[in-house]
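Residue numbers (my numbering): 36 to 564.
Next up, the structure:
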């Protein structure tokens, strides 16, 4: 059957058996799943897993737009409502390491179906929540299947698609990964503005039902290795380490980066993650096979993903904030400004996949990272008078970058691994994206907050009503008279702070271009027989 390793597939001669080391039987080596036959149709099964990937990413971005209205309905403060997003992100990182083991235990198709069911049920509960506590609890429940879906989907892809066509498949798969962040704010803004924030969750249910039916009918059976034991100690170490790391990054700005709580969390994360590596090298059935990290193409791919993710998530966070808080756009209009970049990625990704299959991953990655860096430098010119057209142009150029480079970079790393390590490679890929996004945003936000405080102090020193007749007249009218000045200063300070954020992201992205030159482009071998 497809996707199952069979001892009959390769026969051993008597001489070969006699030359095998005597201790081979004592060390269990994970059986490698057979490569998919070249004549198997993988287009429809790929479309099925794209549905699950798209739904999980879309939900994350659309919920962020709804937080303000959600806070009003649930009588929550701005700081408290952020835990709806923070709790979800914390739990995403915790469940990812267990995805590879569950895929082996249940089989990839069963795990995918179970994740879809769990995500839909949790989405309904989130939409029905009557207070902030229950909303946060249901978001944690939603994060468990939400974190498993990306890893499971990518592992299924590598099991059903022939390696020589992986680039094309990853280009199509990537539509769900990067288009959803562009479509999510538009959809979320429309639902929040014209209906209810609860529909942001309820919309997952019909999409999930369609995905369930399609998966049951179209996905091939992909059994795993049910004999693997669960590495409970390893899971406790990596789950605790990632939770401590992400919590410190999320709350560092509020608690203080040098506070005891944050320092202790960082130290605990470092010790637990180091202990996890030691445990995984010793146990016979590792939760995540860290030996995959000995693979240089995978390490290079993870480094490039980390550097690119900083700019990718910075844009998805700071541009909507500037458009809404600085320029006063509604959530829906903000979504329309972000939508064209999603259309650009929709066009670029399938083309990038075909180019990768034909010419290799190196040059699409180099060109994509360079264009992404240039687009970020264009955003670094942000100012109070920047028009929507200028924003859209910069965002579209920046979107060409991940549209062209994201999937070739991912493909170059995971496709270089043996088949039995593909699940571990997918899990490491997701972990790097989650951790980098959280740490990158935390550092950039701290930098932005500090700079805004300095800029406000500088502007305040220059504002002296006694020496300026216009300011004196505005001050005499009280708060209403000073409101226009305050709004102008706020926009100017916000623009200067975010300009530096985008400048840092652009420099970091361009600095990653030399790493892309080390991507290997192996020639695909034609299958024998």
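By construction, the Cβ of each residue, glycine as well, lies at the ideal position given by its N, Cα and C atoms.
Model, not experiment: these values are computed from the prediction.
Secondary structure of residue 109, DSSP reduced to three states: coil
For residue 545 and residue 401, I'd like the C-alpha separation in whole angstroms. 9 Å
Length of the line joining the Cα atoms of residue 616 and residue 445: The chain is shown from 36 up to 564; residue 616 falls before or after that span and cannot be answered.
Please report the residue range of the alpha helix (DSSP H) in which residue 368 lies. 366–394
Which whole-angstrom value describes the C-beta separation of residue 242 and residue 98, a residue pair presumed to lie in contact below a C-beta threshold of 8 Å? Actually they are not in contact, since the Cβ atoms of residue 242 and residue 98 sit about 15 Å apart, beyond 8 Å.
Here's the rule: buried if 16 or more other CB atoms are within 10 angstroms of the residue's CB, otherwise exposed. What is residue 147? buried
Residue 406 beta carbon less than 8 Å from that of residue 377: no
Assigned exposure category for residue 492 - 16 Cβ within 10 Å defines buried: exposed
As assigned by DSSP and simplified to three states, the class of residue 260: coil
State the Cα-Cα distance for the pair residue 366 and residue 101, rounded to the nearest angstrom. 9 Å
Using CA atoms only, rank isn't needed, just tell me which of 448, 453, 454 is closest to residue 463. 448
Determine whether the beta carbon atoms of residue 270 and residue 307 lie at a separation below 8 Å. no
First and last residue of the uninterrupted alpha helix (DSSP H) at residue 154: 143–163
Count the other CB atoms within 10 Å of the CB of residue 81; is the residue buried (16 or more) or exposed (fewer)? buried
Bounding residues of the alpha helix (DSSP H) (the contiguous stretch that carries residue 286): 267–290
Give the straight-line distance between the Cα atoms of residue 455 and residue 195, rounded to the nearest whole angstrom. 14 Å
Beta-carbon separation of residue 539 and residue 487 under 8 Å? no
Do residue 297 and residue 274 have their C-beta atoms within less than 8 Å of each other? no
Neighbourhood of residue 338 by C-beta, 7 Å cutoff - its chain only, sequence neighbours within 5 removed: 550
Residue 416 in three-state terms, based on DSSP: coil
CB residue 152 to CB residue 247, shorter than 8 Å? yes
Answer yes or no: do residue 386 and residue 410 have a C-beta to C-beta separation smaller than 8 Å? no
Do you know whose CA, among 348, 533, 389, lies nearest residue 417's CA? 533
Using the C-alpha atoms, what's the distance from residue 305 back to residue 329? 20 Å
Going by C-alpha distance, which of 173, 324, 422 is nearest residue 372? 422
Look at residue 176 and residue 115 and say whether their C-beta atoms are less than 8 Å apart. no
Taking DSSP as the reference, what is the three-state secondary structure of residue 76? coil
Own chain partners of residue 345 with C-beta closer than 7 Å, once the 5 adjacent residues on each side are dropped: 471, 475, 540, 543
Assumed close pair residue 370, residue 220 - CB separation to whole angstroms, cut-off 8 Å: 4 Å
Let's test the definition: count the other Cβ atoms within 10 Å of the Cβ of residue 110 and tell me whether it reaches 16, buried, or not, exposed. exposed
Helix, strand or coil: how does DSSP classify residue 445 here? helix
Among 429, 440, 391, nearest to residue 403 - alpha-carbon criterion: 440
In whole angstroms, what is the alpha-carbon distance linking residue 552 and residue 395? 12 Å
Which of the three DSSP states is assigned to residue 548 in this structure? helix
Helix or strand or just coil, what does DSSP make of residue 318? coil
For residue 184, which residues in the same chain have their Cβ closer than 6 Å to its Cβ, ignoring the five residues on either side in sequence? 87, 91, 150
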